[in-house]
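Numbering (this note's numbering) for the sequence shown: 1 to 261.
Ideal Cβ placement from N, Cα and C applies to all residues, glycine included.
As the structure is a prediction and not an experimental result, all values here were calculated from the model.
See structure below.
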Amino acid sequence: MTSPAFEQARFESVAGYDRFMGRYSEALAPEFARAAGVPADEHVLDVGCGTGILTQVLAGVAGANRVAAVDPSEPFVAACRVRVPGADVRVARAESLPFADESFGCALAQLVFHFVEDRSAAAAEMRRVTRPGGRVAACVWDFTGGMTMLRAYWDAAREVDPNAPDERERFGGRPGELARLWREAGLGEVEQGSVQVSCRYQGFDELWESLTDAAGAVGAHVASLEAAKREALRHALRRQLGSPVGSFSLTARAWYAVGTA
């Protein structure tokens, strides 16, 4: 994998994130909220809110005045505040949530736990700030193959350079990992499952351009390549996707776990 510092530096471009992963997050957020069983009459917390895509969905369910959100990226927090006016959005890490015990009826983390440095601390914090009996949920992409765009990208990267990094071993990317973490955190009635969504691109160029300023490991990897290798990667990725002509859709599966505090 790329270094954590290099990767974290990619979480500064709001527009880059939305072009790259935002389209998938927009499709995933309502499905994840339904799977988590977000209540309409409780205060809700979005942990690792990014640019506010899930936060906006939660505001639609519970009302913005009942929604709080945190993220360690100041630009992302600023974007979330614009997207969801009225929500309580703060700069904070999942491992140290700035809220009192039992503040929320539900706490969610969408596409976050594979980035968290201390997953056990973050899960414990989500449990701490949720009232007894409240729902605590997280989801992560299936990095082994179910998230088509990411799997195709890293397979193409390995085609160009056998020593290229890969996200296959990311935490949460295999079934059961989040559920095990939830049980270790003392959450009860743990359920696990998957959600599948799809996203459409107008053409391969739209997909490729979304990768050149992408957040996380993909953006860090693209930025590290010299021009010749970057062009080779572009052609390899097109082949991995079946050399699409015109518009096309890619599916993406996420694993989730839900438990009670």
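- For P30, the three-state secondary structure derived from DSSP is helix.
- Going by C-alpha positions, V44 is about 11 Å away from A36.
- With contacts defined as CB atoms closer than 7 Å, E167 and F204 fail to qualify as a contacting pair.
- F248 and W154 have their C-alpha atoms some 19 Å from each other.
- Note that the C-beta distance between P39 and C106 is below 7 Å.
- In the structure shown, A185 falls within a coil segment according to DSSP collapsed to helix, strand and coil.
- In the structure shown, T251 adopts extended strand secondary structure according to DSSP, grouped into three states.
- Per the coordinates, the alpha-carbon of S243 lies some 31 Å from the alpha-carbon of V112.
- Under the three-state reduction of DSSP, F76 is assigned to helix.
- For A122, the three-state secondary structure derived from DSSP is helix.
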